[in-house]
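Asks:
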Amino acid sequence: MKLHIKNMVCQRCIMAVEQALQDQAFIYRHVQLGEVDFGNEALNINSPSYLAFTQELQSLGFEILNNKQSQIIESIKRICIQNIQQNTQDKQPLSKRISEHLHLDYSHLSQIFSAVEGQTIEQFFIAQRIEKVKELLVYDEESLSEIAYQLGFSSVAHLSGQFKKVTGMTPSYFRSLKNNAPRQSLDKL
Numbered sequence: 001m002k003l004h005i006k007n008m009v010c011q012r013c014i015m016a017v018e019q020a021l022q023d024q025a026f027i028y029r030h031v032q033l034g035e036v037d038f039g040n041e042a043l044n045i046n047s048p049s050y051l052a053f054t055q056e057l058q059s060l061g062f063e064i065l066n067n068k069q070s071q072i073i074e075s076i077k078r079i080c081i082q083n084i085q086q087n088t089q090d091k092q093p094l095s096k097r098i099s100e101h102l103h104l105d106y107s108h109l110s111q112i113f114s115a116v117e118g119q120t121i122e123q124f125f126i127a128q129r130i131e132k133v134k135e136l137l138v139y140d141e142e143s144l145s146e147i148a149y150q151l152g153f154s155s156v157a158h159l160s161g162q163f164k165k166v167t168g169m170t171p172s173y174f175r176s177l178k179n180n181a182p183r184q185s186l187d188k189l
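When we follow the working numbering, the leftmost residue of the sequence shown carries the number 1, and every step to the right adds one.
#1: Compare the beta carbon distance of S107 and T120 with 8 Å and say whether it is the shorter of the two.
#2: Which class does I126 belong to by DSSP, given the choice of helix, strand or coil?
#3: Please name the residue in A127, S155 and E141 whose C-alpha comes closest to that of T167.
#4: DSSP three-state call for L136: helix, strand or coil?
#5: Is it buried or exposed for A157, if we count other Cβ within 10 angstroms and need 16 for buried?
#6: Identify the residues that DSSP records as bridge partners of V116: which are they?
#7: By how many angstroms is the C-alpha of S95 removed from the C-alpha of L136?
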């Protein structure tokens with residue numbers, strides 16, 4: 001059995017969910033972004049431990065997804081985030097990767113995502129990628145061309161154009177702000 005969880009965006013989220021599972025002595029096989037795999041273990045959703053688990057998840061900012069549409073949307077978000085975190089440099093389009101992973105037609109997935117989220121998958125992906133650019137700019141360890149290459153932008157000009165379109169400022173100006181640079185939590189995008 002698998003349980004789908006909303007707002008898991010990083011390794012710390014995985015650790016928090018694992019801790020919540022351990023707090024209630026649940027036996028599980030694996031936790032990854034957006035999902036807990038219980039293997040063949042049955043899960044009694046009316047048990048006090050399950051209710052305590054869901055309350056703990058809610059207190060941490062997570063939410064259990066019970067309908068298929070919400071699960072699909074979270075899966076799409078997870079694939080986008082993993083694509084950015086893993087610095088995937090292969091030439092396979094994101095649309096194909098999403099479609100293959102979920103075994104559904106991309107246009108159908110795109111319609112569901114846009115209807116529920118109020119933005120396209122591409123807009124979500126760009127927002128996530130720009131947040132990663134912001135993170136790397138604040139660290140100030142890499143040049144703009146290194147960041148552009150690392151995150152799969154075709155050029156520094158492409159990165160700069162998207163950055164300005166999303167944030168209203170240039171990457172150089174953003175970097176100059178240092179600790180006062182405005183950033184967003186990934187689960188709020």
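Glycine residues also receive a C-beta, built at the ideal position from the N, C-alpha and C atoms.
Only a predicted model underlies this, so the values are computations on that prediction, with no experimental measurement involved.
Replies: Result, derived from the coordinates:
#1: Numbered from 1 along the sequence shown, position 107 holds the residue referred to as residue 107. Numbered from 1 along the sequence shown, position 120 holds the residue referred to as residue 120. No, they are not a contact pair.
#2: As a position in the sequence shown, residue 126 is number 126, starting the count at 1. DSSP places I126 in helix when its eight states are reduced to three.
#3: As a working mapping, residue 167 is identified with position 167 in the sequence shown. For the residues A127, S155 and E141, the minimum Cα distance to T167 belongs to A127.
#4: Taking the sequence shown and counting its residues from 1, one reaches residue 136 at position 136. L136: helix per DSSP, three-state reduction.
#5: Mapped onto the sequence shown, residue 157 falls at position 157. It counts as exposed.
#6: Within the sequence shown, residue 116 is the residue found at index 116, counting from 1. According to DSSP, which records beta bridges pairwise, V116 is partnered with nothing at all.
#7: For the purposes of this step, residue 136 is identified with residue 136 of the sequence shown, where counting begins at 1. For the purposes of this step, residue 95 is identified with residue 95 of the sequence shown, where counting begins at 1. Cα-Cα distance, rounded: 25 Å.
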